[in-house]
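K.L.:
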Amino acid sequence: MSEFAIDIREVSKLYKLYDKPIDRLKELVHFPSSNAYARDFMALNKITLQVRKGDTVGILGKNGAGKSTLLKIITGVLSETSGSIKIEGTISALLELGAGFNPEYSGIENIFLNGAMMGFNHSEMEKKLDQIVSFADIGDFINQPVKAYSSGMFARLAFSVAISVEPDILIVDEALSVGDTRFQIKCMEHMKKMMEGGTTVLFVSHDINAIRRFCHRCVWIDKGEIILDGDVNIVADAYSDFLKRDYVDAAIYKEKSADKVNQAVIGKRMREENENCIAEIVDFRVMDKHGFVGENINYDEPLKIHVDYEVYDDTLSDPVIGVAIRGSDDDYTCGLNTLLDGYKIPWNKGHNSVTLCFPYGIRAVGGDYFFEVAIEDQTATIGMHYIQRIQKFHMNMEYKCEGRYCIPHLWEG
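Quick note, the sequence shown lines up with residues 192 to 604 if you use the numbering used here.
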């Protein structure tokens, strides 16, 4: 017995794409071994994925990334072009609810039909019949042809059949919005019990927060390849940043995510090239209580930002230091300056420094961010020295809130 419920090794899926239907016939009749009429499309490219028994794994990816192809190969609807796949246990898939239903058959007859398609004999389905009928809760329509059902009734019956077989592996692909609110709640409660009861679950959704709620592990697929596989919050943060930047594919995201910070600007003295330089930033440090912070910061970690600056003209009145935070998509997340806070910075000829404190942490949700820093005039309008992306950092946060910030709060009753 393997520890894995799903063991996929180097699986690829190749499709042949034809511009015209007649090209398929031409290739078959005239040139059986030629690719003259077809273009190759690699839907999956050497995917390797192991899922342990009892795990709940989320799968993220844009439309066309290869998610559905992977699920169909796992369920046996499609066969792989190359590679190997081993499944231990029975599978129930909420992919296309009601696929295989006969519209002329009654609800009862379709229950037995679907049971047979999933490998259950008549007597086994008879034992499950009352449970399925009760869960679907469509009344006397259970004895009517399903062609007379509304879309909601059809989905309720299909969902009930799919989850009633008590599978070892449950595959869910955007199939939870069925029926009315009460039925959706009932579906979610049942799925949660299955997850807690040891059922292995592959959960596919475009709702990133739903993935965070249900899964501890997440796999991000793009253009038929696994981009990232690991802790759900780390993968979800990276995928969110990818979507914010609106890149065509993850390869471009990987290239762009290694953005260069402008630390080199600090080492280059403006005064040496511009004698009219009034002041310049010479050092920027982010520090925790131990005196150091790398590129990873916890959302509730107390921080101090030290800004060192050199003043060449000390005659200015009330100059301003500003520190800003921008998201990976260049969204202006937060901007702070000494003018708005009514703080008078040191302004003596020569070396000066000021410290910005975040006693409760920055509290931004997980993802990549950049610091910016500036020295400005007393109105915070005219910049004397402005450095964009002076330091990149990744905010670490478990799934504790949604939106842009996790604001400190308490609940009272």
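Even for Gly, the Cβ is constructed at its ideal location relative to N, Cα and C.
Determine contact between the segment 492 to 510 and the segment 468 to 479, defined as no fewer than three beta-carbon pairs at a distance below 8 angstroms.
P.N.:
yes
K.L.:
Would you kindly work out how many angstroms separate the C-alpha atoms of F350 and D246, rounded to a whole number?
P.N.:
Within the sequence shown, the letter at position 159 stands for residue 350. Within the sequence shown, the letter at position 55 stands for residue 246. Going by the C-alpha atoms only, they are around 21 angstroms apart.
K.L.:
Using a Cβ-Cβ cut-off of 6 angstroms (strictly less than) and excluding sequence neighbours within five positions of A455, which residues of its own chain qualify?
P.N.:
For the purposes of this step, residue 455 is taken as the residue at position 264 of the sequence shown. At A455, the pLDDT of 49 sits below 50, so the modelled position is not reliable; the number obtained from the coordinates is stated separately. Hits under 6 angstroms: none found.
K.L.:
Taking the beta strand (DSSP E) that Q579 falls in, what are its first and last residues?
P.N.:
Taking the sequence shown and counting its residues from 1, one reaches residue 579 at position 388. Counted as a single uninterrupted DSSP element, the beta strand (DSSP E) harbouring Q579 occupies residues G574 to N587.
K.L.:
Considering only C-alpha positions, which residue in the set S314, S203, G298 and Y206 is nearest to S341?
P.N.:
Within the sequence shown, the letter at position 150 stands for residue 341. Ranking the options by Cα distance to S341, first place goes to G298.
K.L.:
When the distance is taken between beta carbons, is D331 closer than 9 angstroms to I276?
P.N.:
Within the sequence shown, numbered from 1, the residue matching residue 276 stands at position 85. Within the sequence shown, numbered from 1, the residue matching residue 331 stands at position 140. Contact: no.
K.L.:
Return the CA-CA distance between A470 and M575, expressed in angstroms with no decimal places.
P.N.:
Residue numbering aside, residue 470 sits at position 279 when the sequence shown is read from its first letter. Residue numbering aside, residue 575 sits at position 384 when the sequence shown is read from its first letter. The alpha-carbon of A470 is positioned some 6 angstroms away from that of M575.
K.L.:
Suppose the cutoff is 7 angstroms on Cβ atoms and the five residues either side in sequence are ignored; what does the same chain contact list for L320 look like?
P.N.:
Within the sequence shown, the letter at position 129 stands for residue 320. Taken in chain order, the residues that qualify are I302.
K.L.:
Got a sec? Which residues, its chain only, sit under 8 angstroms from K338 by beta carbon, not counting five neighbours each side?
P.N.:
For the purposes of this step, residue 338 is identified with residue 147 of the sequence shown, where counting begins at 1. For K338, where only same-chain residues beyond five positions count, the Cβ hits under 8 angstroms are P294 and E295.
K.L.:
If we call anything under 9 angstroms between Cβ atoms a contact, is I488 one with I553?
P.N.:
Numbered from its first residue, the sequence shown carries residue 488 at position 297. Numbered from its first residue, the sequence shown carries residue 553 at position 362. Yes, they are a contact pair.
K.L.:
Who pairs with L235 in a beta bridge, going by DSSP?
P.N.:
Within the sequence shown, numbered from 1, the residue matching residue 235 stands at position 44. K204.
K.L.:
If we call anything under 9 angstroms between Cβ atoms a contact, is V268 one with F195?
P.N.:
Within the sequence shown, residue 268 is the residue found at index 77, counting from 1. Within the sequence shown, residue 195 is the residue found at index 4, counting from 1. Contact flag unset, no.
K.L.:
Could you tell me whether the Cβ atoms of A565 and G518 are closer together than 9 angstroms?
P.N.:
The residue labelled residue 565 in the question sits at position 374 within the sequence shown. The residue labelled residue 518 in the question sits at position 327 within the sequence shown. Cβ atoms of A565 and G518: not closer than 9 angstroms.
K.L.:
Indicate the three-state DSSP secondary structure (helix, strand or coil) for F405 in the structure shown.
P.N.:
As a position in the sequence shown, residue 405 is number 214, starting the count at 1. DSSP places F405 in helix when its eight states are reduced to three.
K.L.:
Could you check which residue in Y209, L547 and T524 has the C-alpha nearest to that of R595?
P.N.:
The residue you call residue 595 lines up with position 404 of the sequence shown. The shortest C-alpha separation from R595 is found at T524.
K.L.:
Report, in whole angstroms, the separation of the C-beta atoms of V395 and V363, which I expect to be a contact under 8 angstroms.
P.N.:
If you number the sequence shown from 1, residue 395 lands on position 204. If you number the sequence shown from 1, residue 363 lands on position 172. With a Cβ gap of about 7 angstroms, V395 and V363 count as contacting.
K.L.:
Provide the residue(s) that pair with D474 in DSSP beta bridges, ordered along the chain.
P.N.:
Against the sequence shown, residue 474 aligns to sequence position 283. Note: D474 sits in a beta bridge opposite D499.
K.L.:
Is the beta carbon of K204 closer than 9 angstroms to that of I282?
P.N.:
For the purposes of this step, residue 282 is taken as the residue at position 91 of the sequence shown. For the purposes of this step, residue 204 is taken as the residue at position 13 of the sequence shown. Not closer than 9 angstroms, so no.
K.L.:
Which whole-angstrom value describes the C-beta separation of D432 and D559, a residue pair presumed to lie in contact below a C-beta threshold of 8 angstroms?
P.N.:
Residue numbering aside, residue 432 sits at position 241 when the sequence shown is read from its first letter. Residue numbering aside, residue 559 sits at position 368 when the sequence shown is read from its first letter. With 8 angstroms as the limit, D432 and D559 qualify as a contact, their Cβ atoms being about 5 angstroms apart.
K.L.:
Please report the Cβ distance between L361 and V392, rounded to the nearest whole angstrom; I am assuming they are in contact, meaning their Cβ atoms lie under 8 angstroms.
P.N.:
In the sequence shown, residue 361 corresponds to position 170, counting from 1. In the sequence shown, residue 392 corresponds to position 201, counting from 1. About 5 angstroms separates the two Cβ atoms, so the contact holds.
K.L.:
Helix, strand or coil, according to DSSP, for D613 in the structure here?
P.N.:
The structure shown does not extend to residue 613, since the chain is modelled only from 192 to 604, so the question has no answer here.
K.L.:
For V511 and H600, I'd like the C-alpha separation in whole angstroms.
P.N.:
Stepping through the sequence shown from its first residue, residue 511 is reached at position 320. Stepping through the sequence shown from its first residue, residue 600 is reached at position 409. Approximately 31 angstroms, taken between the alpha carbons.
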